[in-house]
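For the protein sequence lines, the chains are A and B, in the order given. At position 14 of the first sequence (counting the first as 1) the number is 14 in UniProt numbering, and the numbers step up by one without a gap. At position 804 of the second sequence (counting the first as 1) the number is 804 in UniProt numbering, and the numbers step up by one without a gap. Glycine residues also receive a C-beta, built at the ideal position from the N, C-alpha and C atoms. Predicted, not measured: the structure shown is a model, and the values here were computed from it.
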Amino acid sequence: AMIKAILIFNNHGKPRLTKFYVHYAEDLQQQIIRETFQLVSKRDDNVCNFLEGGTLIGGQDYRLIYRHYATLYFVFCVDSSESELGILDLIQVFVETLDKSFENVCELDLIFHVDKVHSILNELVMGGMVLETNMSEILSRFEEQQKLEKSEAGFSTAPARAVSAVKDMNLPQKIKDMKMPDMPHFSSLYQ
Amino acid sequence: KGIIANTPKRLRDLIREIRAAKTAAEERAVHHLNSNHTKKRHHPPSRCRNVAKLLLYIHMLGYPAHFGQMECLKLVASPKFSDKRIGYLGAMLLLDERAEVHLLVTNSVKNDMNHSTQYIVSLALSTLGSICSPEMSRDLAGEVQALIKSNNAYLRKKAALCALRIIQKIPDIMEMYIPCARSLLNEKNHGVLLTAVCLISQMCQLSPETLNHFRRLVPNLVRILKNLIMSGFSQDHDVNGVSDPFLQVKILQLLRILGHQDSAASEQMNDILAQVATNTETSKNVGHSILYEIVLTIMGIESESGLRVLAVNILGRFLLNTDKNIRYVALSTLQRVVQADYNAVQRHRTTIVDCLRDTDASIKRRAMELCFSLINGQNIRGMAKEMLSFLADCGSEFKADCCSNLAIAAERYAPNKRWHVDTLLKLLAAAGNHARDDVVVAAVQLISEQSAYQAYAVHQLFYYASQDFSQQPMVLLACWCIGEYGGGLFSDCCADGLETYSAKSPEEVLGLLEQALLSSQSRQSTKHVAVTAVMKLSTRLPHQEQQLLDSIRHLAAYHCTSSQLELQQRSVEFSAIFRHHENIRAALLEPMPVMEGRAESGRDLPAGSGAAAVASGDSAEVGDEVAAAAAAAAVAATFESLINFDDSSTGGVPNATIGLPNAATNSSSMLATNNSNSVAGPLIDVFGDLGVSEPAPVSEASALPALPPIASAGIAGLQLSLAGSRQQSNNVDLIIRAVNLGDTNMTNFLLQAAVPKSLQLSMMPASGDCLPPAGGSVTQKAVVTNPNGVSALCGLKAWSGLKGLG
């Protein structure tokens, strides 16, 4: 019993995370993503969350178990001996973990920090098997690794970060947007 | 939130550019520029990471990123955790375990597995778990084993899963992991326990000896499970009030593997299974996943019947749940167990039938399949009613299957024939154009057998067909039946003393058939049947009024110029019957006998009756016909399939009826072998003077008695004669001579012969294919071998005037 692939894509089919636990060539991977999107996006919102897999991922023997959250589809492609209800629970754990670690995760987070999402996923699933299901355990491990990275960066990158931050502030626009307080009317003085 | 500020600039800009690209072409251009840029520059270490992250993003969107593999390897070799992290991530995604380059990372992984920082070790383990090739696995198996025994729980957990991947790749080194796997079961840490159970499950699935070895651990597993459910509130792993549901599920899966087909082990599990089943809180989804796993385990091991009933009842409760996912898994599990636990599942039949009305298509489909498994002699009436109303409302993707399955069920369990006929008709009406041909065939079969209900059936069919002409299977059936049994339409019909159907006038009936012939809604097969039906009706009319006959002639000839070959041919042939063969029209179109049972899933419909001439009823698909040997008309026949031998002793035109071919096999269907010496009719027993079972010792060729010539029934003026000489005891040489005594020239003459399967026949080339009038002849030699010494028959068929048809 194993998970064959974990895919996250948005409502237009753009992939936001793709992890394959079985080896496929790259163009085949893209085909799988497209086909999965086609299968999943056709589904109504009030039908059950299980589908037979498409023709590329082995047809009958594989199942797609998915959840749709706002603009994102989370799809786990599993073989027939995995428990469907259990995988649904697992998706829930994954999403909640992302939510806690990114503070109300949204699609932008996935776009700009795809490496972090991978790191979190690697604490949850390894080699297609479930590694850990306790959310606080996953989070604490992830945060410790973040700390380790930050401590390695040290002081040397601080100036570079500061410069980037200032450049991004877009001062001219901020000046335009600044709201000036109302000035008192002088006309009252000339009564 | 500062998402943007925390992302290094280069990556950020690239992502922005990509997202800003309005078309795919622009996007590709951006990628192209960037990958060129990335390839060319030699990056200082601090930028390496950003490059790698960039590569990941590109790769995910589907652009080739192979050039980044070396970057990743450089990063992995760096001493810093941050570099290694990205490097290993890139390696996992970009490196292909089938390419050579992945081996380059082996050394780094090996070193990192012995690193002092636990997170670096864990990165190495994760990578090995992902891109684990057989070579790498062999190299690193020892390191992994050492890590399973590490005193760091986090690493133990990852090492266990790593080991699992390794033994998937190289099953023979499984042995080295058995002792440490076993000791992992004594863990308190849930994460480690989870991975340990996974590892043991995989081992048991790979090797039966290991399975036996681990069976001894069933009591330990039972104890762990018990602790889980009894230990009250373990906050860490609690999910909505259930203690670590994932671990419970995995343990239950392992128990299933261990208890499968082993009653001793299964017995040790009975108690705990019942206990978990009754104690599990089901108000949230997590409880359901555990219960579902329990059901699967109970069904997968040698459990006592009480437990199995409990399992089925759990599934029954699932069916009432509002969550569609739960209903879905319940239905698919019930389908798997319905054969084994038939009675238990029957008790939930009403709920299952209710699921037919669900809005979700996958639930409807499973409910439908399950319903068909549950139909039996007692509930057939009620169930048929339910299925018919389902059929009327369901989507088109279900109709064909539902229709066919219901037809089968009706045939198997019909309480009486009237009900059966009714149900089949209603079935066809509800399924409309989705009904498959086998259902139509079954209906024909049934009606032909039930002579008591033929009139009733025809009236019903007439009614249905007039109501809704668009349902072609129904209309086809109606046309065929009207043709064959149309006589019943012209008088009142009172079926079983219930309703009375009033008589229809011939004009009405012909009107319906006319509609069938002319309407654009009619399929080709419908038109074929309609033409034949019109012809047959000419003999079934209550009064042979000239006006009606004229209409029939007109209808029959309507398609004489059709561009569809089959239709044109029929039209022409039938018109020819009116023109030239009025005297035998009645005989040609006599009613058919009851059809014999179909061989398999009989796709055929019977050929019509007639002497050597044939009328034809068709199947929608394969039209096997025997040729009409009308004078100048061409003949098309599949020779092998329909030769009938009837031991009628009248000469001239035998009233031979042609039986059903075995459509499944393309064999010539032969009836009885005829031991008599009679040479009347078209039958010749060429081995007649031998007697049945004695292989007469014959050493020299001897001539057979000369056989009297036979007049061909169909082709006027043609005379066939056979002369034979026996070569050896089992071989006969036949000389067949065809003489044209008539006064028309016969061209394209072709002779064919057929023998029963127990004989072998080979034909030599004929002397010619043209028979001039008044005495022209053609001879042809044939060799018949009779290895079994049975008395045998030989049939002959002659064609003339073939217009290039087979």
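{"Check": "If we ignore side chains and look at the alpha-carbon of each, how far apart do B/Gln450 and B/Phe469 end up?", "Outcome": "26 Å"}
{"Check": "Taking DSSP as the reference, what is the three-state secondary structure of B/Gln780?", "Outcome": "strand"}
{"Check": "Compare the beta carbon distance of B/Ile363 and B/Lys417 with 8 Å and say whether it is the shorter of the two.", "Outcome": "no"}
{"Check": "Going by other Cβ atoms of all chains shown within 10 Å of its Cβ, with 16 needed for buried, is A/Met2 buried or exposed?", "Outcome": "buried"}
{"Check": "Can you give me the C-alpha to C-alpha distance between B/Ala146 and B/Ile167, rounded to a whole angstrom?", "Outcome": "15 Å"}
{"Check": "For A/Arg63, which residues from the same chain have a beta carbon less than 8 Å from its beta carbon, with the 5 sequence-adjacent residues on both sides left out?", "Outcome": "Phe50, Leu51, Glu52, Gly53, Cys77, Val78, Asp79, Ser80, Glu82 and Glu84"}
{"Check": "For the alpha helix (DSSP H) that contains A/His68, what are its first and last residues?", "Outcome": "No alpha helix (DSSP H) holds A/His68; the beta strand (DSSP E) holding it covers Tyr62 to Tyr69."}
{"Check": "Would A/Asp115 pass as an interface residue toward chain B - the criterion being a Cβ-Cβ separation below 8 Å?", "Outcome": "yes"}
{"Check": "Per the contact definition of three or more C-beta pairs closer than 8 Å, is the region 77-90 of chain B in contact with the region 39-50 of chain A?", "Outcome": "no"}
{"Check": "Check whether the Cβ atoms of B/Leu206 and B/Leu185 sit closer than 8 Å, and answer yes or no.", "Outcome": "no"}
{"Check": "Got a sec? Which residues, its chain only, sit under 7 Å from B/Leu221 by beta carbon, not counting five neighbours each side?", "Outcome": "Ile251, Leu254 and Leu255"}
{"Check": "Whose Cβ in chain B lies nearer than 7 Å to the Cβ of A/Ile91?", "Outcome": "Residues of chain B passing the Cβ test: none, with the nearest at roughly 11 Å."}
{"Check": "Cutting at 8 Å between CB atoms, please list the residues of its own chain near B/Ala400, excluding the five before and the five after it.", "Outcome": "Ala431, His434, Ala435 and Arg436"}
{"Check": "Expressed to the nearest angstrom, what Euclidean distance is found between the alpha-carbon atoms of A/Val40 and A/Tyr66?", "Outcome": "8 Å"}
{"Check": "Taking B/Gly316 as the query, report the chain A residues whose CB atoms sit under 8 Å from its CB, ordered along the chain.", "Outcome": "Under the 8 Å cutoff, chain A gives no residues; its nearest Cβ is about 17 Å from B/Gly316."}
{"Check": "Would the region 131-150 of chain B count as touching the region 132-144 of chain A if we require 3 or more Cβ pairs under 8 Å?", "Outcome": "no"}
{"Check": "Does any CB atom of chain A fall closer than 8 Å to the CB of B/Lys80?", "Outcome": "yes"}
{"Check": "For B/Ile15, would you say it is in contact with chain A, using Cβ-to-Cβ distances shorter than 8 Å as the test?", "Outcome": "yes"}
{"Check": "Helix, strand or coil for A/Cys77? Go by DSSP, reduced to three states.", "Outcome": "strand"}
{"Check": "Going straight from the alpha carbon of B/Arg570 to that of B/Met592, what length do you get?", "Outcome": "19 Å"}
{"Check": "Helix, strand or coil for B/Asn189? Go by DSSP, reduced to three states.", "Outcome": "coil"}
{"Check": "Could you tell me whether the Cβ of A/Glu35 comes closer than 8 Å to any Cβ of chain B?", "Outcome": "no"}
{"Check": "Considering only residues of the same chain and omitting the five flanking positions on each side of A/Ile6, which have a CB-CB separation below 6 Å?", "Outcome": "Lys19 and Phe76"}
{"Check": "Which one of B/Asn313, B/Gly287 and B/Ser82 has the shortest CA to CA distance from B/Ile298?", "Outcome": "B/Asn313"}
{"Check": "Can you round the beta-carbon distance between B/His559 and B/Gln568 to whole angstroms, since I take them to be within the 8 Å contact cut?", "Outcome": "6 Å"}
{"Check": "Any beta carbon from chain A within less than 8 Å of B/His190's own beta carbon?", "Outcome": "yes"}
{"Check": "Quick check on the DSSP output: the beta strand (DSSP E) that includes A/Thr18 runs from which residue to which?", "Outcome": "Pro15 to Phe20"}
{"Check": "Give a yes or no on whether the minimum CB-CB distance between B/Asp96 and chain A is below 8 Å.", "Outcome": "yes"}
{"Check": "Give the range of the alpha helix (DSSP H) segment to which B/Lys527 is assigned.", "Outcome": "Gln524 to Arg540"}
{"Check": "If you measure from the beta carbon of A/Val75 to each beta carbon in chain B, is any gap under 8 Å?", "Outcome": "no"}
{"Check": "Where does B/Cys493 sit, in a helix, a strand or coil, going by DSSP?", "Outcome": "strand"}
{"Check": "Nearest-angstrom Cα distance between B/Ile294 and B/Leu193?", "Outcome": "19 Å"}
{"Check": "Looking at chain A, which residues of the region 317-329 of chain B have a Cβ within less than 9 Å of any of its Cβ atoms?", "Outcome": "Asp323, Lys324, Asn325, Ile326, Arg327, Tyr328 and Val329"}
{"Check": "Thinking B/Val421 and B/Leu476 are a contact (beta carbons under 8 Å), I'd like their distance in whole angstroms, please.", "Outcome": "Between B/Leu476 and B/Val421 the Cβ distance is about 17 Å, and since that is not below 8 Å, they are no contact."}
{"Check": "Out of B/Gln780, B/Lys527, B/Ala124 and B/Gln202, state which residue places its alpha-carbon closest to the alpha-carbon of B/Glu175.", "Outcome": "B/Gln202"}
{"Check": "Going straight from the alpha carbon of B/Ala516 to that of B/Tyr464, what length do you get?", "Outcome": "13 Å"}
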